[in-house]
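Those protein sequences? They're chains A and B, same order as listed. For the first sequence, the tail end lands on 107 under the numbering used here, and the numbers increase by one without skipping. For the second sequence, the tail end lands on 107 under the numbering used here, and the numbers increase by one without skipping. Positions of the beta carbon are idealized from the N, C-alpha and C atoms, including for glycine. As structure tokens, the structure follows; a few thoughts come after it.
There are 2 protein chains.
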Amino acid sequence: MDKTKQKRLEAAGWHVGSAPEFLELTPEEAEYVEVKLALGSYLREFRRDHRWTQTQLAKRLGSSQSRVAKMEAADSSVTVDLLVKSLLSAGASTKDVGRVIAAV
Amino acid sequence: MDKTKQKRLEAAGWHVGSAPEFLELTPEEAEYVEVKLALGSYLREFRRDHRWTQTQLAKRLGSSQSRVAKMEAADSSVTVDLLVKSLLSAGASTKDVGRVIAAV
DNA sequence: CGAGTATATGTCAGACCCGACATATACGCA
DNA sequence: TGCGTATATGTCGGGTCTGACATATACTCG
Numbered sequence: 004m005d006k007t008k009q010k011r012l013e014a015a016g017w018h019v020g021s022a023p024e025f026l027e028l029t030p031e032e033a034e035y036v037e038v039k040l041a042l043g044s045y046l047r048e049f050r051r052d053h054r055w056t057q058t059q060l061a062k063r064l065g066s067s068q069s070r071v072a073k074m075e076a077a078d079s080s081v082t083v084d085l086l087v088k089s090l091l092s093a094g095a096s097t098k099d100v101g102r103v104i105a106a107v
Numbered sequence: 004m005d006k007t008k009q010k011r012l013e014a015a016g017w018h019v020g021s022a023p024e025f026l027e028l029t030p031e032e033a034e035y036v037e038v039k040l041a042l043g044s045y046l047r048e049f050r051r052d053h054r055w056t057q058t059q060l061a062k063r064l065g066s067s068q069s070r071v072a073k074m075e076a077a078d079s080s081v082t083v084d085l086l087v088k089s090l091l092s093a094g095a096s097t098k099d100v101g102r103v104i105a106a107v
């Protein structure tokens, strides 16, 4: 996974929902990034549904506000692993998480 | 996540499908481990369906045979991140991956 | 049995990730 | 405008993960 490329890409703001075929990502890399984006969005949705601020969620997760912000934005320094762990910790079910991934 | 505990636990062979409530894992930790186990099993199934050896799959993934063995066994040194990346790289769809997680 | 093949287990150096902190931006309200 | 709150962005030390290698185990076939 080319971190620099991904950084540029996220900086460009395509996390609004578009697919990155126009960049030189292999289909698998693109899918991985899309999974990350979907989980990040879902984390944000989940948090808002519970009326938590990023700081409050961070406390629950044993993390920091900045990390939550990065998770929700699917920053390149965030992995699917962290997102799954965080969602489960926050109270989401594996069913929910699976659905989000399957819907990518 | 307590690595040592998880190691003991996997050594005990409960990756055959049982839940680890009897150990001092929080429900979230248990869920995470189960997601890992499910993805590991699915990777094995996927590989066998395609009649690949671990070595052949490793080559496709740009990894090594030993790492594939550990992935399939959901070894503690393996993360959900690696499993998702590997499955997508191997040709599984996000739909498949999502289904596996949702079924945990 | 011995050779070949497939899988499992242990270890390690280097790359990567995470939480933390500092700081910036954005918005509402007095 | 100035203050409080919420979110975003940049950076970094220390701990974790990964690919690689060595080696062990298991099974098949001659």
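Nearest-angstrom Cα separation, counted from residue j out to residue i
i	j	result
P30/B	A93/A	12 angstroms
S80/A	V83/B	16 angstroms
T1/A	R50/A	Shown here, chain A extends from 4 to 107; a query on residue 1/A therefore has no answer.
V103/A	L42/B	16 angstroms
A76/B	A33/B	16 angstroms
R63/B	A72/B	14 angstroms
W55/A	D78/A	20 angstroms
K88/A	Y35/B	7 angstroms
H53/B	S69/A	43 angstroms
S44/A	L60/B	32 angstroms
Inter-residue CB distance, residue i and residue j (contact presumed, cutoff 8 angstroms)
i	j	result
G101/A	G65/B	Rounded, the Cβ-Cβ distance is 27 angstroms, inconsistent with contact.
E37/A	V107/A	5 angstroms
Listed by chain order, chain B residues near residue i by CB distance under 7 angstroms
i	result
L91/A	E31, E34 and Y35
Sub-8 angstroms separation of residue i and residue j beta-carbons
i	j	result
L86/B	K39/B	yes
A95/B	K98/A	no
A74/A	L46/A	Just to set this straight, residue 74/A is Met in the shown sequence, not Ala. Result yes, Cβ atoms of M74/A and L46/A sit closer than 8 angstroms.
Residue i: contacting residues in chain A (beta-carbon distance under 8 angstroms)
i	result
V81/B	Near V81/B there are no residues of chain A at all, since even the closest Cβ is about 10 angstroms away, more than 8 angstroms.
Where residue i meets chain A, residues with beta-carbon distance less than 7 angstroms
i	result
V84/B	Per the sequence shown, the amino acid found at residue 84/B is Asp instead of Val. The contacting residues are T82, V83 and D84.
Contact set between residue i and chain B, taken where Cβ atoms lie within less than 9 angstroms
i	result
A77/A	The contacting residues do not exist; A77/A stays about 13 angstroms from chain B at best.
Contact test: residue i Cβ vs the ligand NAD heavy atom, cutoff 7 angstroms
i	result
S80/A	No copy of the ligand NAD appears in this structure; indeed no ligand is present at all.
(message) Residues of the region 42–72 of chain A in Cβ contact with chain B at a cutoff of 8 angstroms, in chain order, please.
(response) Going along the region 42–72 of chain A in chain order, one finds no residue with a Cβ nearer than 8 angstroms to chain B.
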